[in-house]
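Colleague: After the C-alpha cells below, expect a handful of questions from me.
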Amino acid sequence: MKLHRPALKLAGLYLAIIMFISVFFSLTIYQLSIQEVYRGFSRQENVIIQTPQLFLPQDLRDELLSQRDEQYENAKADILSRLFLVNITILITGGFISYYVARRTIRPIEEARETQSRFIADASHELRTPMAVMQSEIEVALMDPKLNLKSAKEHMNSSLEELSKLISLSESLLQLSQLEDEVLSKSQIEISKLIEEVVRNNKSVAIKKNIKLNLLSNPKQQILADKEGLKKVFNIFLDNAIKYTPKGGEVRISSKKSDGKNIAISIEDNGIGIKPVEIKNIFDRFYRADVARTKSGSGGYGLGLSIAKSIVDLHGGSIEVTSTPGKRTIFSIKLPLA
Ligand code: ADP
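Those letters in the sequence shown? Residues 14 to 351, per the working numbering, in order.
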C-alpha cells in the first residue's frame with residue numbers, strides 16, 4: 014500500500030520550510046545590496062553636486078543626475094530578477110529533493126503497514142479455518158434428525174479440538190503482540206534448571222511417539238533473563254523437534270558456555286529436516302516449511318519460531334539452524350551471560 018498523499022504532504026512541508034528560508038535570505042540580501050548600491054550612488058551624487066560649475070555645466074550636471082537615478086532603478090531591478098531566478102531554481106530542485114526525502118521518510122512506515130496488513134490477513138485466514146470447520150460440523154449435526162447421543166458427542170469432541178486450536182492460535186497472536194512492546198521481566202535464573210523443567214514437561218509427548226529425549230551436558234549457569242519467555246522458547250524448539258521427528262527417533266538437548274560471554278543451547282533431532290531454501294523463511298510469521306505436511310495435521314500455525322526469535326532477540330541473543338533434509342536439524346541458541 015503506497016502512501017502517496019502523506020508523501021506529497023510531507024514533501025510540501027519540506028518545500029515550504031526550504032522556501033521560507035530561501036525567501037528570508039533573499040529579502041535580506043536584497044536589502045543589503047540596495048543599501049550598498051544606494052551608498053555608491055550617493056557618493057557619485059555628492060561628487061557631481063560639489064564639482065564647481067566652471068568644470069561641470071548645469072545641463073551636464075542634470076543629465077548625470079537623471080542617468081544616476083535610472084542606473085539606480087536598473088540596479089534594483091537587476092538584483093530583484095536575479096534573486097527571483099535563484100528562488101525559482103531553489104523551488105524546482107527543492108521540490109524534487111523534498112519529494113525524494115519524503116518518500117524515503119515514508120518508506121519504513123509503508124513497510125510496517127504492509128507487514129501489519131499481511132499479518133492481519135494471515136491471522137484472519139487461520140482463525141477462519143477452525144471456525145468454518147466447527148460451523149459446518151454443528152450444522153450437519155443439527156440437520157441430522159436421527160442424531161443420537163454417541164454421534165452428538167463425536168461432533169462435540171471434534172468441535173472441542175477445533176476450539177483448542179483456536180485458543181492456542183489466539184494465545185500465540187496475543188504473545189506476538191505483547192512482544193512488540195519489547196517488555197521483559199528479567200531476573201537471575203539458573204538456565205540448567207529451566208532446561209531440565211522444559212525437558213520434563215515434554216517427556217510424556219516424547220514417550221507417546223517413542224522418541225528418546227536426551228539431556229546431555231547442562232552446566233549450572235546463571236543468566237539475567239525473562240524466565241517465562243525463555244521457557245516458551247525452549248518449549249517451542251523441543252515441541253518442534255518432537256513434532257518433526259518420526260517415531261523411534263531421538264532428540265538431544267545440551268548447553269555449554271561459549272566464548273566466555275554466552276551460553277549456547279543446542280536442540281538436535283534426527284527428524285525430517287528442513288530444505289536449505291526454506292531455512293531463511295522458517296522464522297517468518299505463519300510460515301510452514303511444507304504445506305502438505307502441515308495440512309496432514311502434524312504442524313501448528315507457523316508462529317512458534319517467530320515468537321522464539323523475537324524473545325531471543327529481546328535478550329540480545331541469536332539463533333542458528335543447520336539441517337540435512339531427511340537426517341537431522343540442529344537449532345543453536347546463544348544467550349548472553351549475566
Ligand atoms: P509450526 O507451528 O508450524 O511448527 P514454527 O514456526 O514452529 O511453526 O516452525 C515453522 C516451520 O519450520 C514448521 O512448519 C516446520 O516446517 C519447520 N520446522 C521447525 N522446526 C523443525 C524441526 N525441528 N525439524 C524440521 N522442520 C522444522
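Even glycine gets a Cβ: it sits at the ideal position worked out from N, Cα and C.
(1) Would you decide whether Arg298 is buried or exposed? Buried here means 16 or more other CB atoms lie within 10 Å of its CB.
(2) Output yes or no for whether 8 angstroms exceeds the beta carbon distance between Leu5 and Lys216.
(3) Which word fits Ser39, buried or exposed, when buried means at least 16 other C-beta atoms lie within 10 angstroms of its C-beta?
(4) Provide the residue(s) that pair with Ala29 in DSSP beta bridges, ordered along the chain.
(5) Can you list, in chain order, the residues of its chain whose CB lies under 7 angstroms from that of Thr337, leaving out five sequence neighbours each side?
(6) Inspect the beta-carbon positions of Ala88 and Val50 and report whether they are closer than 8 angstroms.
(7) Apart from the five residues just before and just after Gly315, which ones in its own chain have a Cβ nearer than 6 angstroms to its Cβ?
(8) So, under 8 angstroms CB-CB, Val325 and Ser319 are touching, yes? Tell me the CB distance rounded to an integer number of Å.
(9) For Ile287, verify whether its CB is less than 7 angstroms away from any heavy atom of ligand 1.
(10) Would you call the segment 236-255 and the segment 263-273 in contact, with 3 or more CB pairs under 8 angstroms?
(11) Identify whether Thr263 lies in helix, strand or coil by the three-state DSSP scheme.
(12) On the DSSP bridge list, what partners appear for Phe344?
(13) Where does Leu176 sit, in a helix, a strand or coil, going by DSSP?
(14) Using a Cβ-Cβ cutoff of less than 6 angstroms, which residues in the same chain neighbour Lys240 once the five nearest sequence positions on both sides are dropped?
(15) Report the residue ranges of all alpha helix (DSSP H) runs contained in full by the segment 193-223; include only those spanning at least 4 residues, in chain order.
(16) Where does Asp282 land, buried or exposed, given buried means 16+ other C-beta within 10 angstroms?
(17) With H, G and I counted as helix, E and B as strand and the rest as coil, what does DSSP make of Ala238?
(18) Mind checking who Lys225 pairs with in its DSSP beta bridge?
(19) Under the criterion of a Cβ to heavy atom distance below 7 angstroms, does Ala219 qualify as lining ligand 1?
(20) Can you tell me whether DSSP reads Asn352 as helix, strand or coil?
(21) For the alpha helix (DSSP H) that contains Gln354, what are its first and last residues?
Modeller: Let me spell this out:
(1) Here residue 298 is taken as the residue at index 285 of the sequence shown, counted from 1. With 16 or more other Cβ atoms from the protein chains shown falling within 10 Å of its own Cβ, Arg298 counts as buried.
(2) Not covered by the structure: residue 5. The range shown for the chain is 14 to 351.
(3) What you label residue 39 is simply residue 26 of the sequence shown in a count that begins at 1. Flag for Ser39 reads buried.
(4) As a first step, residue 29 is located in the sequence shown; it is residue number 16 there, counting from the start. Note: Ala29 sits in no beta bridge, so no partner.
(5) Counting from one through the sequence shown, the residue named residue 337 turns up at place 324. Cβ neighbours of Thr337 beyond the five flanking positions: Gly286.
(6) Position 75 of the sequence shown, counted from the start, is the residue given in the question as residue 88. Position 37 of the sequence shown, counted from the start, is the residue given in the question as residue 50. Cβ distance < 8 angstroms, so Ala88 and Val50 count as in contact.
(7) Numbered from 1 along the sequence shown, position 302 holds the residue referred to as residue 315. Same-chain partners within the cutoff: Phe299, Tyr300 and Arg301.
(8) Mapped onto the sequence shown, residue 325 falls at position 312. Mapped onto the sequence shown, residue 319 falls at position 306. Between Ser319 and Val325 the Cβ distance is about 11 angstroms, and since that is not below 8 angstroms, they are no contact.
(9) The residue you call residue 287 lines up with position 274 of the sequence shown. Yes; taking the cut-off as 7 angstroms, the Cβ of Ile287 has a heavy atom of ligand 1 nearer than that.
(10) yes
(11) The count along the sequence shown starts at 1 and reaches residue 263 at position 250. Checking the displayed sequence, the identity of residue 263 turns out to be Glu instead of Thr. Here Glu263 sits in strand by DSSP.
(12) Working through the sequence shown from its first residue, we reach residue 344 at position 331. Phe344 pairs with Ile280 and Val334.
(13) Within the sequence shown, the letter at position 163 stands for residue 176. Reduced to three states, the DSSP call for Leu176 is helix.
(14) To locate residue 240, count along the sequence shown from 1; it is residue 227. For Lys240, where only same-chain residues beyond five positions count, the Cβ hits under 6 angstroms are Ile202.
(15) 204-221
(16) What you label residue 282 is simply residue 269 of the sequence shown in a count that begins at 1. Classification of Asp282: buried, given that the 10 Å Cβ count is 16 or more.
(17) Position 225 of the sequence shown holds residue 238. The answer is strand: DSSP assigns Ala238 an E or B state.
(18) Position 212 of the sequence shown holds residue 225. The partner list for Lys225 (beta bridge, DSSP) reads Glu263.
(19) Translated into positions along the sequence shown, residue 219 becomes position 206. False, no ligand heavy atom lies under 7 angstroms from that Cβ.
(20) Given a span of 14 to 351 for the chain in the structure shown, any question on residue 352 remains unanswerable.
(21) Because residue 354 is not part of the residues shown, which for the chain are 14 to 351, the question remains open.
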